[in-house]
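Taking it in order: structure first as structure tokens, then the write-up.
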Amino acid sequence: MDRNVNFRRIVKLVRVVEENPRVKTFWFRDALCSKAKPGQFVMVWIIGVDEIPLSLSTIGDICSITVAKVGDATETMHKLKPGDSVGVRGPYGNGFKIVKGRVAVVAGGVGLATLLPLLERLKECGCRTEAFLGFRSKHDIFQLAKVERAVKPDGAVMVATDDGSIGFKGLVSELFEKHLRKSRPSYDVVYTCGPPAMIRRVYELCETWGLKIQASLEAYMKCGIGICGSCCIGPYRVCRDGPVFSASQLRKMPELGLYKRGPDGAKLPI
154 MDRNVNFRRI VKLVRVVEEN PRVKTFWFRD ALCSKAKPGQ FVMVWIIGVD
204 EIPLSLSTIG DICSITVAKV GDATETMHKL KPGDSVGVRG PYGNGFKIVK
254 GRVAVVAGGV GLATLLPLLE RLKECGCRTE AFLGFRSKHD IFQLAKVERA
304 VKPDGAVMVA TDDGSIGFKG LVSELFEKHL RKSRPSYDVV YTCGPPAMIR
354 RVYELCETWG LKIQASLEAY MKCGIGICGS CCIGPYRVCR DGPVFSASQL
404 RKMPELGLYK RGPDGAKLPI
């Protein structure tokens, strides 16, 4: 790992896009981030407020992070405009391993952002990808056209909304299960990112159907480099051992989808 990733760089935002009322994408230039692997994350310093972990949603000459408004730090970030600055450290973590063949990508909400660079890489590798996307409603959908470009013409995109305003009515994990039962596909791997309860259910389905899985987990982090222990789950640190985990590792996380750690390290029910 390049030691320079641990030094905070101040970057200027070159573009800000409102994806939906609660999600924005922030674009910036950074040489180290441009070399990141799909699934890696950066520690983003919202100056004067807090530093938070965010996955890269675009990797290239211009990189991006896609941010849902969920707390004080993200609330402040949503007020930033092109020309404003943030600090970045990283990229950190292991990222996804590319498996060629027929693959499934299961995304819940803003977890889709983490999977966007992966979808592009899978296309480059000639994979046949079937994407299952879950949102609360049609108003929460973002980057659908980008996903469709990445998976077509050989793959497919299936959408679930909690309220049934578009696509399948119900959870994306339910849509995925319905597809497994109906089509009995032989996926070489299932990639997933989203709410912990969704990831737990997708993992359980993969165990039942004998499918390999790579799951990107989110966790509260203070340092991002394995020192503070605030992101521990089972025997692992999400920042150093993950954020992407295999089935053999997920089996050692009985609390997955049931508990999370708060700022003081205490386990809190989800």
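First residue of the sequence shown: 154, per our numbering; consecutive thereafter. Ideal Cβ placement from N, Cα and C applies to all residues, glycine included.
Could you give the DSSP three-state label for G264: helix, strand or coil?
-> When DSSP states are grouped into helix, strand and coil, G264 belongs to the helix group.
Which residues does DSSP pair with W198 in a beta bridge?
-> E204 and G240
Per the contact definition of three or more C-beta pairs closer than 8 Å, is the segment 341-351 in contact with the segment 259-270?
-> yes
Please say whether G418 and G382 have beta carbons closer to each other than 8 Å?
-> yes
Residues bridged to Q367 (per DSSP) | Under DSSP, Q367 forms a beta bridge with Y344 and S399.
Output the distance between the C-alpha atoms of G395 and S369, rounded to the nearest integer angstrom.
-> Approximately 7 Å, taken between the alpha carbons.
What do you get for S238, buried or exposed, if any count of 16 or more other CB atoms within 10 angstroms of its CB means buried?
-> exposed
Opposing strand residues paired with I251 [DSSP bridges] | Answer is none; I251 lacks a bridge partner.
Examine chain D for any beta-carbon lying closer than 8 Å to the beta-carbon of D225, and answer yes or no.
-> Absent here is chain D; the protein component of the structure consists of one chain.
Provide the residue(s) that pair with R414 in DSSP beta bridges, ordered along the chain.
-> K420
Assuming G236 contacts L166 under a Cβ cut-off of 8 Å, what Cβ separation, rounded to an integer in Å, is found between them?
-> 7 Å
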